[in-house]
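Right, one structure below, let's go through it.
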Amino acid sequence: MYDMDLIEHRDTVNEQLARYGVKFGIYKNNTFREQLFPFDAIPRIIEKDKFAYLEKGLRQRVQALNLFLKDIYHEKKIIRDKVVPEEFIYASSGYLAQCEGIMPSKGVYSHISGIDLVQGKDLEWYVLEDNLRVPSGASYPMIARNFCRRSSPKTFREYKIADNRDYAALLRKTMDDVNVGGLIVLLTPGRYNAAYFEHSYLAEKTGVQLVNGQELTVEDDRLYFINYDGRKERVGAVYRRISDDYLDPMNFLPESVIGIPHIFDVYRKGNVALLNAPGNGIGDDKGIYYFVPKMIRYYLGEEPILKNAPTYLPFYEDDRRYVLENFDRLVIKDVAEAGGYGVVFGSSLSREEKERFVELLKKEPRRFIAQEVIDFLDLDIVEGDEIVPRKADLRAFVLSGEDTVVWKSGLTRFSRNPDSFIVNSSQGGGFKDTWVLSQ
Amino acid sequence: MKELSFYYMLRIRFSAPVTNHRFTVRCVPQDNECQKIRKQKIRIFPRKSLSDSRDSFGNYCIFGHCSDPHELFQAEVKGEAVTGLADAQYAGPEHKAGRFRYQTDYTRPGEKLTAFFREFSFSPGSTSLEKARKMMEALYGRFSYVPGVTDITTTAEEAFALGKGVCQDYAHIFLSLCRMEGIPARYVVGMLLGEGASHAWVEVYDREYWYALDPTNPWSKEEDHIKISGGRDYSDCVINQGIMSGQARQTQEVEVCVRPI
Chain R
1 MYDMDLIEHR
11 DTVNEQLARY
21 GVKFGIYKNN
31 TFREQLFPFD
41 AIPRIIEKDK
51 FAYLEKGLRQ
61 RVQALNLFLK
71 DIYHEKKIIR
81 DKVVPEEFIY
91 ASSGYLAQCE
101 GIMPSKGVYS
111 HISGIDLVQG
121 KDLEWYVLED
131 NLRVPSGASY
141 PMIARNFCRR
151 SSPKTFREYK
161 IADNRDYAAL
171 LRKTMDDVNV
181 GGLIVLLTPG
191 RYNAAYFEHS
201 YLAEKTGVQL
211 VNGQELTVED
221 DRLYFINYDG
231 RKERVGAVYR
241 RISDDYLDPM
251 NFLPESVIGI
261 PHIFDVYRKG
271 NVALLNAPGN
281 GIGDDKGIYY
291 FVPKMIRYYL
301 GEEPILKNAP
311 TYLPFYEDDR
321 RYVLENFDRL
331 VIKDVAEAGG
341 YGVVFGSSLS
351 REEKERFVEL
361 LKKEPRRFIA
371 QEVIDFLDLD
381 IVEGDEIVPR
391 KADLRAFVLS
401 GEDTVVWKSG
411 LTRFSRNPDS
421 FIVNSSQGGG
431 FKDTWVLSQ
Chain Z
1 MKELSFYYML
11 RIRFSAPVTN
21 HRFTVRCVPQ
31 DNECQKIRKQ
41 KIRIFPRKSL
51 SDSRDSFGNY
61 CIFGHCSDPH
71 ELFQAEVKGE
81 AVTGLADAQY
91 AGPEHKAGRF
101 RYQTDYTRPG
111 EKLTAFFREF
121 SFSPGSTSLE
131 KARKMMEALY
141 GRFSYVPGVT
151 DITTTAEEAF
161 ALGKGVCQDY
171 AHIFLSLCRM
181 EGIPARYVVG
191 MLLGEGASHA
201 WVEVYDREYW
211 YALDPTNPWS
221 KEEDHIKISG
231 GRDYSDCVIN
241 QGIMSGQARQ
251 TQEVEVCVRP
261 I
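For the record, the sequence lines run as chains R and Z. All the letters of the first sequence, read from the start, carry residue numbers 1 to 439 under the numbering used here. All the letters of the second sequence, read from the start, carry residue numbers 1 to 261 under the numbering used here.
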C-alpha cells in the first residue's frame with residue numbers, strides 16, 4: 001500500500017537534511033538547542049478535487065482576513081456593526097495602535113499566511129489556527145521533496161504529483177507585487193533563530209538578499225541596504241522574519257538590537273513594503289479566530305467554505321455556561337499564548353487544578369476560548385520497523401500579492417508522542433511531505 | 001480665547017561624544033479646534049538628515065540621524081498660540097475612540113485603585129463628562145502633588161498607593177478611573193501657563209468630542225493649556241526618543257515658558 005522505494009530511502013533523506021543543516025532551534029529551560037526536524041517518508045496525499053476544495057476555502061479565508069486587518073486599522077466597520085466586540089480588538093496584545101491609519105502597499109496585510117488545518121475522522125477539514133505574522137515551515141517540504149526526487153526518482157514518475165518547488169516563484173511574485181521600488185531583502189534575526197535554515201533557503205531560492213538588521217539603514221525616509229563595499233542600495237520590500245516587537249526600536253521595543261531604527265516610519269510613508277505587515281497579530285489572535293466565519297460573511301457575503309473547530313467564547317454567557325458544563329471534554333486555550341503553550345485539556349486537570357482554572361475563567365472570560373477536541377484522522381508514520389498512527393496537522397501556505405494563491409503542498413507535522421495532540425515543531429514533532437495529486 | 005507666547009527647549013549633554021544617533025522628537029504643538037499656532041520656529045541640533053511625519057495618534061514627529069560625533073542634542077520650539085477657540089475637539093463616532101477605552105500597562109488598576117473606583121456612584125443620566133469631573137475632583141482630594149517621589153516608570157496603581165506624585169501620575173490615575181467606568185480617555189502632553197516644565201493632562205470622550213480635563217489643576221482653564229501630543233498613556237507621547245553609540249552619561253534639561261501676550 002505504501003511506496004516502499006520511498007520509505008526505504010527515509011534514512012538517506014534524513015541524512016541529506018542533516019547535511020544541509022535543516023534544523024529547528026528550540027528554547028527549553030532557557031537553553032538553545034538545535035535539533036533535526038525528523039522527516040517521515042510516508043507522504044500525506046491529497047487528491048486533486050479534495051485539494052481544489054481546500055484551495056477555495058483557504059483563499060476565501062485569507063481574503064476575509066486581509067479585509068479584516070484593513071478595516072481594523074482604518075474604518076472599523078466590523079466594530080461599528082457589532083460583529084466583533086470592541087474589546088476583542090483593543091484589549092488584545094495583537095492589536096498595535098502604532099499601525100492605525102497606515103495603508104500597506106496594494107492594501108495587502110498578510111502576504112504569507114500559514115493556515116493550520118486538521119482532518120477529522122469524519123474526513124472533514126477544520127481550521128485550527130491562522131498564522132498571519134511570520135509563519136514558518138514552507139522550506140521543509142520544499143527541500144525534502146527535492147531529496148526524495150533524487151533518492152527515489154521512480155516514485156515521482158509513477159505518481160502524478162504537483163511540483164511543490166514552485167513555492168519560491170510564488171513567493172518571489174508576491175514580493176515583486178508589493179515592492180515599492182528597489183531591492184528585495186529577507187531580514188533574519190540571525191543564526192540563533194529557530195527558523196534560520198528556512199531564512200537562508202528561501203532567500204537563496206527566491207534570489208533575494210539575506211540581511212540582518214545591521215545591514216539596513218534608514219536615511220531621508222528611505223530604507224537602504226549597505227553593500228559589502230559600503231555602497232547603499234535602496235530597498236523596496238522586506239520579507240522580514242523578525243517579529244513586530246523587535247522590528248524597530250524607535251517604535252516598538254526600545255531594547256531591540258536586531259531591528260532597524262525608523263524602518264516603521266519609512267513604512268508609514270509608503271516608502272517600503274513589509275511582508276507581513278506589522279499589526280497582523282490581531283488577525284490571528286485566538287480570540288479573533290472565533291469570528292473568522294462571521295468575517296467571511298460580513299466582508300465577502302459568502303458562506304464560509306472551511307469550518308472552524310467548534311469553538312466557544314466564555315465571554316458570551318451562553319457559551320460560558322456550556323463550557324462550565326462540558327469542561328472535561330473541551331480543550332481550553334489561553335488567547336495570549338502561542339506555539340502549543342497555554343493549551344489545557346479539561347480532562348487532564350486534577351479536581352483542585354480544575355477549580356482554580358474555572359475561577360480564572362469566570363474572572364477573565366475574555367482570555368480564553370474553548371474547543372471541542374477533534375477526533376483527528378491519524379496518519380501513518382514509520383517508527384523503527386513498524387508503521388504506527390500519529391496525530392498530524394497540515395499547515396497550508398497562502399500567498400497574497402495582487403492575487404491570493406494557495407501553494408499546492410504544505411507542511412504536514414506529526415506528533416512523535418502517541419498520546420499527544422500537539423504537533424508544533426517547537427515541541428519536538430516531525431514532518432512529512434504533502435503531495436497534492438495533479439490528476 | 002487667549003493669546004500666549006511659548007518656548008520649549010530640551011537639551012541633552014553627553015559626557016563623551018556619541019555617534020550614529022537616531023532620534024524622534026514630539027515637542028511641536030499643532031493646530032486643532034481649540035488652539036491655533038502661529039509664528040512657530042523649530043530648531044534641532046544636530047540638524048543633519050531631518051524629516052517629519054505624524055504618528056498614528058496624529059502627533060507631529062521629527063526624525064533625525066547624526067552619524068558624526070557630537071556631545072549635544074537640542075530641540076527648541078517657540079511661537080504663539082491662540083487658545084480657547086472651542087470647548088472640545090471633534091472625535092468622531094464612538095467606535096473610533098474605542099482604543100482609548102482600554103487599560104495599558106501604565107493605567108491598569110490594582111487592588112487600591114479598584115477599591116477607590118468602587119467608591120463612586122453616579123446619578124442616572126450622568127454624562128461621561130460629568131462622571132469624569134466627579135472622579136477628577138475626588139482624586140484631587142486624595143492625591144498630593146509631590147515631585148521626586150515617582151518617576152517616568154511609575155504606574156497609576158503604584159502612584160495611587162503612594163498617595164503622591166506629579167502630573168503624569170495624576171493623569172495615569174485619572175485615565176485608569178475613566179476607563180474602569182468605560183469612558184474612552186487619552187493622555188495629553190503639553191505646556192501650561194506659568195509652568196516651567198512640560199505638563200500632562202487628560203482628554204475625555206463624550207458624545208463625539210474630546211474634552212480636556214486637568215486632574216493636577218481641576219479648576220484651571222482649558223485656555224491656559226497648549227497641547228503638544230496625545231496617546232493612550234505616557235509611552236505614546238514620549239517627547240524625545242534616541243538610540244546612539246558611545247559610552248557617555250547624559251544630562252537632560254528642559255525649559256518651558258508660557259506667557260500671556
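We put the CB at the ideal spot given by N, CA and C, even for glycine. Just so we're clear, the structure is a prediction, and the values are computed from it rather than from any experiment.
Item to check | Given Z:G79 as reference, the closest of Z:C178, Z:R101, Z:R38 and Z:F14 once Cα atoms are compared | outcome: Z:R38
Checklist entry - In angstroms, rounded to a whole number, what distance separates the CA positions of Z:Q286 and Z:A75? => result Because chain Z spans 1 through 261 in this model, residue 286 of chain Z falls outside it and cannot be assessed.
Checklist entry - Taking the alpha carbon of Z:E158 as the point to measure from, which residue in Z:K131, Z:T114 and Z:K227 has its own alpha carbon closest? => result Z:T114
Next on the checklist: Measuring only the C-alpha atoms, how far is Z:L85 from Z:V25?
Outcome noted: 27 angstroms
Checklist entry - Which residues, in order along the region 143-164 of chain R, keep a beta-carbon less than 8 angstroms from a beta-carbon of chain Z? => result Across the region 143-164 of chain R, no CB contact with chain Z closer than 8 angstroms is found for any residue.
Checklist entry - Which one of R:V180, R:I296 and R:S136 has the shortest CA to CA distance from R:R241? => result R:S136
Checklist entry - Per DSSP, what kind of secondary structure is R:A97 in: helix, strand or coil? => result In this structure, DSSP gives R:A97 a helical state, which the three-state scheme calls helix.
Checklist entry - Using the C-alpha atoms, what's the distance from R:L253 back to R:G342? => result 24 angstroms
Next on the checklist: Rounded to the nearest angstrom, what separates R:E124 and R:E359 at their Cα positions?
Outcome noted: 34 angstroms
Item to check | CB contact check: R:G230 to chain Z, cutoff 7 angstroms | outcome: no
Checklist entry - Would R:D221 count as contacting chain Z if we go by Cβ distances under 7 angstroms? => result Closer than 7 angstroms to some Cβ of chain Z, the Cβ of R:D221 qualifies, so yes.
Checklist entry - Per DSSP, what kind of secondary structure is R:Y159 in: helix, strand or coil? => result coil
Checklist entry - What is the rounded straight-line gap between the Cα of Z:M136 and the Cα of Z:E94? => result 22 angstroms
Item to check | Nearest-angstrom Cα separation, counted from R:M250 out to R:Y109 | outcome: 22 angstroms
Checklist entry - Along chain R, in chain order, which residues have C-beta atoms closer than 8 angstroms to that of Z:Y102? => result E87, Y90 and A91
Checklist entry - Are the region 327-336 of chain R and the region 51-70 of chain R touching, with three or more C-beta to C-beta distances below 8 angstroms? => result no
Next on the checklist: Taking DSSP's pairing of strands, which residues face R:Q119 in a bridge?
Outcome noted: Note: R:Q119 sits in a beta bridge opposite R:W125.
Item to check | Three-state secondary structure assigned by DSSP to Z:C237 | outcome: helix
Checklist entry - Taking the alpha-carbon positions, what's the R:I78 to R:L275 distance? => result When rounded, the distance between both Cα atoms is 24 angstroms.
Checklist entry - From R:F376 to R:L349, what distance separates their C-alpha atoms? => result 22 angstroms
Next on the checklist: Spatial neighbours of R:S113 within its chain, please: C-beta separation below 6 angstroms, excluding the five flanking residues on both sides.
Outcome noted: Residues of the same chain with a CB within less than 6 angstroms of the CB of R:S113, apart from the 5 flanking positions on each side, are V62, L132 and V398 in chain order.
Checklist entry - Name the chain R residues that come within less than 7 angstroms of Z:K96, Cβ to Cβ? => result K76
Item to check | Listed by chain order, chain R residues near Z:S51 by CB distance under 7 angstroms | outcome: Counting only Cβ-Cβ distances below 7 angstroms, Z:S51 has contacts in chain R at D220 and D221, in chain order.
Next on the checklist: Given a cut-off of 7 angstroms on the beta-carbon distance, is the pair R:I263 and R:D248 in contact?
Outcome noted: yes
Checklist entry - Is there at least one Cβ from chain Z nearer than 7 angstroms to R:Q98's Cβ? => result yes
Item to check | Nearest-angstrom Cα separation, counted from R:V292 out to R:R321 | outcome: For R:R321 and R:V292, the gap between their C-alpha atoms comes out near 22 angstroms.
Checklist entry - If contact means a Cβ-Cβ distance below 8 angstroms, which residues of the region 60-73 of chain Z contact chain R? => result C61, F63 and H65
Item to check | Inter-residue Cα distance where the pair is Z:V82 and Z:V202 | outcome: Z:V82 and Z:V202: Cα-Cα distance of roughly 20 angstroms.
Item to check | Through-space distance from R:I260 to Z:A200, alpha-carbon basis | outcome: 30 angstroms
Checklist entry - From R:G384, R:R367, R:K154 and R:I282, pick the residue whose C-alpha is nearest to that of R:K70; which is it? => result R:I282
Checklist entry - Does the separation of the CB atoms of R:S152 and R:L379 fall below 7 angstroms? => result no
Checklist entry - Residues of chain Z with a CB under 9 angstroms from the CB of R:D265: which are they? => result T24, S51, S53, D55, C61 and F63
Item to check | Collapsed DSSP secondary structure at Z:E33 in the structure displayed | outcome: coil
Next on the checklist: Looking at chain Z, is there any beta carbon in it that lies within less than 7 angstroms of the beta carbon of R:R366?
Outcome noted: no
Checklist entry - Under the rule that 16 or more other beta-carbon atoms within 10 Å means buried, what is R:M142, buried or exposed? => result buried
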